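*Asks:*
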């Protein structure tokens, strides 16, 4: 009983924080440095496919609830320990990814850059170009989204130069895509450095990598608002309709 009351209290606080955060983020995400967008992509997405690593898999929980409340189909194939299109195990990933994209029949594919997007500039560029070609071939639009900044341990420290370079490479691919891709900088949500607590509540996991329910919900709300800018016919459901639907109790949220 105590656990249930605590969860309810936490989600009530989350709704308040979301309201405040949305007001603060709306202006920041409009700046040219934060987003590279094409002209209107159409009346609205009918189905969204979400790609990424375990960070994205956590964010997919509120995204699924938010898109459902907004009347949009949503599928996540974000995966633990990978999900990347360049870097370790990406060759194995590419054996199944085209079929996954085609079979999902998405109108929008969102790729959140992963913590495994390791490689040279040329390797990253080739992979992001390949992803764009694959998504466009499936008749969908591609959206690159930056991942939350991390607090790297020994595992990630040797690869930080690659991870810091990746957003710029993805931005270039989107800019040269003739409207087939968009680049969104989620810095309006996360800031430029890892921040464990926001507004007195755990926003990111203590592991320095993943998100907590509050952070995942803030990201979901921001992303839907960005989609509304790209698709004038799309109206996101208000956070009150999806923030307290049970996803925050998922065991994936650790270190919160």
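In mature numbering (1 follows the signal peptide of the UniProt record, and there is no 0), the protein residues as written are -23 to -1, 1 to 233. Using N, Cα and C, we set each Cβ at its ideal position, and we do this for glycine too. Predicted model only: the values in this text are computed from it and were never measured.
1. Need the endpoints of the beta strand (DSSP E) that residue 60 sits in, please.
2. On the DSSP bridge assignment, give the partners of residue 50 in chain order.
3. Could you please give the first and the last residue of the uninterrupted beta strand (DSSP E) stretch that includes residue 158?
4. For the alpha helix (DSSP H) containing residue 206, name the first residue and the last one.
5. Roughly how many angstroms separate the alpha carbons of residue 107 and residue 203, rounded to a whole number?
6. Per DSSP, which one or two residues make a beta bridge with residue 121?
7. Near residue 82, what residues of its chain come up, given a Cβ to Cβ distance below 7 Å and the 5 sequence neighbours on each side ignored?
8. Name the DSSP bridge partner or partners of residue 181?
9. Distance check for residue 100 and residue 180, CA to CA, integer angstroms please.
10. Taking its Cβ as the centre, do 16 or more other Cβ atoms sit within 10 Å of residue 39, making it buried, or is it exposed?
11. Determine whether the beta carbon atoms of residue 42 and residue 51 lie at a separation below 7 Å.
12. Would you call the CB atoms of residue 159 and residue 147 closer than 7 Å?
13. Output yes or no for whether 7 Å exceeds the beta carbon distance between residue 195 and residue 174.
14. Where does residue 228 fall in DSSP's three states?
15. Hey, would you say the C-beta of residue 207 is under 6 Å away from at least one heavy atom of the ligand GDP?
16. Which same chain residues, not among the five before or five after residue 103, have their C-beta less than 8 Å away from its C-beta?
*Replies:* A quick look at the data gives this:
1. Unbroken run through residue 60: none, as it is neither H nor E.
2. 24
3. 158 to 161
4. 190 to 207
5. 24 Å
6. 88 and 160
7. 24
8. 188
9. 32 Å
10. buried
11. no
12. no
13. no
14. coil
15. What this structure holds is no ligand at all, so the ligand GDP is not there to describe.
16. 63
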